[in-house]
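Down below is the structure, laid out as structure tokens.
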Amino acid sequence: MKCAEDKTGMENWTDFIPYDPKIFTDGIDIFKEFMLISERKEGMTKVKILPWDKKQEGHYVQFAESAYTVFPGANPEFDTKTVRLEYSSLTTPNTTYDYQVETRKLDLLKQQEVLGTFNAGDYSSERVMVRAKDGTMVPLSLVYKKGFKKDGSQPLLLYGYGSYGASMDPYFSSARLSLLDRGFVFAIAHIRGGQELGRQWYENGKFFNKKNTFTDFIDCGEYLVQEKYTSKDRLFAQGGSAGGLLMGAVINMKPDLWKGVIAQVPFVDVINTMLDESIPLTTGEFDEWGNPKDKAYFDYMRSYSPYDNVEKKDYPALYVSTGYWDSQVQYWEPAKWVAKLREYKTDNNPIVMYCNMDTGHGGASGRFKRLKEVAMEYTFILDLAGKTNVKTKP
0 MKCAEDKTGM ENWTDFIPYD PKIFTDGIDI FKEFMLISER KEGMTKVKIL PWDKKQEGHY
60 VQFAESAYTV FPGANPEFDT KTVRLEYSSL TTPNTTYDYQ VETRKLDLLK QQEVLGTFNA
120 GDYSSERVMV RAKDGTMVPL SLVYKKGFKK DGSQPLLLYG YGSYGASMDP YFSSARLSLL
180 DRGFVFAIAH IRGGQELGRQ WYENGKFFNK KNTFTDFIDC GEYLVQEKYT SKDRLFAQGG
240 SAGGLLMGAV INMKPDLWKG VIAQVPFVDV INTMLDESIP LTTGEFDEWG NPKDKAYFDY
300 MRSYSPYDNV EKKDYPALYV STGYWDSQVQ YWEPAKWVAK LREYKTDNNP IVMYCNMDTG
360 HGGASGRFKR LKEVAMEYTF ILDLAGKTNV KTKP
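For the sequence shown, numbering that gives the first Met the number 0 gives the first residue as 0, with consecutive numbering after it.
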């Protein structure tokens, strides 16, 4: 909105950028000749340049890839026609650009080094839209090594979170290359409960809409099988914390869809945790899940809480990790969930539980300890996929 300097009352406000429900504004940066607007549009981060001179049209900074993350870097100069941007994608390491506003040219300044023989050109990424059961279109980002054949023969790891309005944007991971080089596809499901498509995307995945988060993820998994990116006996899933809740929910709802699941510090005992107000985060979490002392919230939370919905049936293979010092999801949540699963499940699939006695919610810290935990997770799914003996370049 805009107003005169001496008439700042709300009645004097007029539209400067009219509201568009399809665009979510993350922030603005002010320069002498233009405004830089950070947006989320169609589930993607965008940077828009809007000149103060209304005779000139605004434009979006263009990138070659279909799935990426971009945001403004440090821009301390007010009178400039050059904007610093930070960029990353599923195939491109963290990169710093200077964008020349007048010529619309991107100047590469710096890029994260990846050791070994990495070549971004060896990999491809995609952005597709998946139709959920209720007709909602859910974004899905994928990356794989070139030469990938869409015949259902290759394993795929589907990652999701979908809570607190946290957006899971496409990002680069050097550790992930070990999966891609062994034939895995990696995918991120931008499900409701995040904020990829704006505030309403979050509102439609919380409180009494929480199950949309789970069904969106399942719909993405079924799409990947239907379109032959993978098959049911090669489809894996991963999520941590509230994403661990997602993992617990989807294996209860659709256990036969997944070959194996990685649940990191999973929030799986929803009812008991949300009834215990002595736990530091519980009361603040009422804004996300609801207060189970209200019967309507209790009944709804009870209907999806992973621990409370374990049944006597076949479940996929599971790798469950936790930290003894976790103050956000205490270790006994995954421990009791694993115990109940082991008692109830009717299959012979493994359930591995790893409790790091030195860590909290974020897992191991340090340059190499964190990678050792990633290696354990990857080894679990590589073994299930029959890929442990494949040799790759250093």
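Ideal Cβ placement from N, Cα and C applies to all residues, glycine included.
Mind checking which residues open and close the beta strand (DSSP E) that includes residue i?
i: residue 28; result: 22–29
i: residue 345; result: No beta strand (DSSP E) contains residue 345, which DSSP labels as neither H nor E.
i: residue 187; result: 184–188
i: residue 34; result: 33–40
i: residue 65; result: Counting along the chain, residue 65 falls outside any beta strand (DSSP E), and DSSP gives it neither H nor E.
i: residue 402; result: This structure gives no information on residue 402, because the portion of the chain shown stretches from 0 to 393.
Determine the contact status of residue i and residue j, defining contact as a CB-CB distance below 8 Å.
i: residue 16; j: residue 156; result: no
i: residue 356; j: residue 306; result: no
i: residue 265; j: residue 309; result: no
i: residue 313; j: residue 344; result: yes
i: residue 184; j: residue 228; result: yes
i: residue 204; j: residue 214; result: no
i: residue 39; j: residue 25; result: yes
i: residue 179; j: residue 127; result: no
i: residue 218; j: residue 113; result: no
i: residue 160; j: residue 274; result: no
i: residue 267; j: residue 332; result: yes
i: residue 362; j: residue 376; result: no
i: residue 395; j: residue 49; result: No statement about residue 395 is possible, as the shown extent of the chain runs from 0 to 393 and does not include it.
Residue i: which of the options sits nearest, CA to CA?
i: residue 99; options: 81, 338 and 151; result: 81
i: residue 315; options: 337, 296, 327 and 299; result: 337
i: residue 166; options: 309, 128 and 198; result: 198
i: residue 120; options: 126, 144 and 128; result: 144
i: residue 154; options: 223, 206, 101 and 106; result: 223
i: residue 255; options: 191, 84, 373 and 221; result: 221
i: residue 173; options: 384, 382, 386 and 374; result: 374
i: residue 115; options: 176, 129 and 139; result: 176
i: residue 277; options: 130, 263 and 327; result: 327
i: residue 196; options: 335, 364, 251 and 23; result: 23
i: residue 139; options: 372, 341, 102 and 65; result: 65
i: residue 242; options: 189, 285, 56 and 200; result: 189
i: residue 251; options: 296, 378 and 216; result: 216
i: residue 200; options: 132, 42, 35 and 378; result: 42
i: residue 134; options: 186, 182 and 191; result: 191
i: residue 231; options: 111, 5 and 150; result: 150
Once you ignore the five residues that flank residue i on each side, which residues in its own chain have a CB closer than 7 Å to its CB?
i: residue 31; result: 77 and 78
i: residue 96; result: 84, 86, 105, 106, 107 and 108
i: residue 210; result: 303
First and last residue of the alpha helix (DSSP H) that includes residue i?
i: residue 152; result: Taken as a continuous stretch (DSSP letters only), residue 152 belongs to no alpha helix (DSSP H), as it is neither H nor E.
i: residue 374; result: 368–383
i: residue 212; result: 210–225
i: residue 358; result: Element bounds for residue 358: n/a, residue is neither H nor E.
i: residue 239; result: First-last for residue 239: 234–239, but that is the beta strand (DSSP E), not the alpha helix (DSSP H).
i: residue 300; result: 294–303
i: residue 286; result: 281–288
i: residue 201; result: 198–202
With a CB to CB cut of under 6 Å and the five nearest residues on each side skipped, what residues in its chain are close to residue i?
i: residue 269; result: 300 and 304
i: residue 45; result: 38 and 59
i: residue 392; result: Below a pLDDT of 50, predicted positions are generally treated as unreliable, and residue 392, at 42, falls in that range; the measurement from the model is reported next regardless. So the list reads 116, once near-sequence residues are dropped.
i: residue 253; result: 217
i: residue 321; result: 264, 330, 333 and 354
i: residue 110; result: 92 and 94
Among the residues of its own chain, which have a CB less than 8 Å from the CB of residue i, if the five just before and after it don't count?
i: residue 235; result: 154, 155, 156, 157, 257, 258, 259, 260, 261, 380, 383 and 384
i: residue 390; result: Because the pLDDT at residue 390 is just 49, under 50, the model does not fix this residue reliably, and the value given afterwards should be weighed accordingly. For residue 390, where only same-chain residues beyond five positions count, there are no Cβ hits under 8 Å.
i: residue 387; result: 378 and 381
**Item:** Sufficient close CB pairs (3 or more, under 8 Å) joining the stretch 339–357 to the stretch 279–297
**Value:** Under the Cβ criterion (8 Å, minimum of three pairs), the stretch 339–357 does not count as touching the stretch 279–297.
**Message:** I want to know whether the stretch 66–74 touches the stretch 8–23 - three or more CB-CB distances under 8 Å.
**Reply:** The stretch 66–74 makes no contact with the stretch 8–23, as fewer than three CB pairs between them are under 8 Å.
**Message:** Taking contact to mean 3 or more Cβ pairs, one atom from each stretch, closer than 8 Å, check whether the stretch 168–179 and the stretch 83–92 are in contact.
**Reply:** Output reads yes: the stretch 83–92 touches the stretch 168–179.
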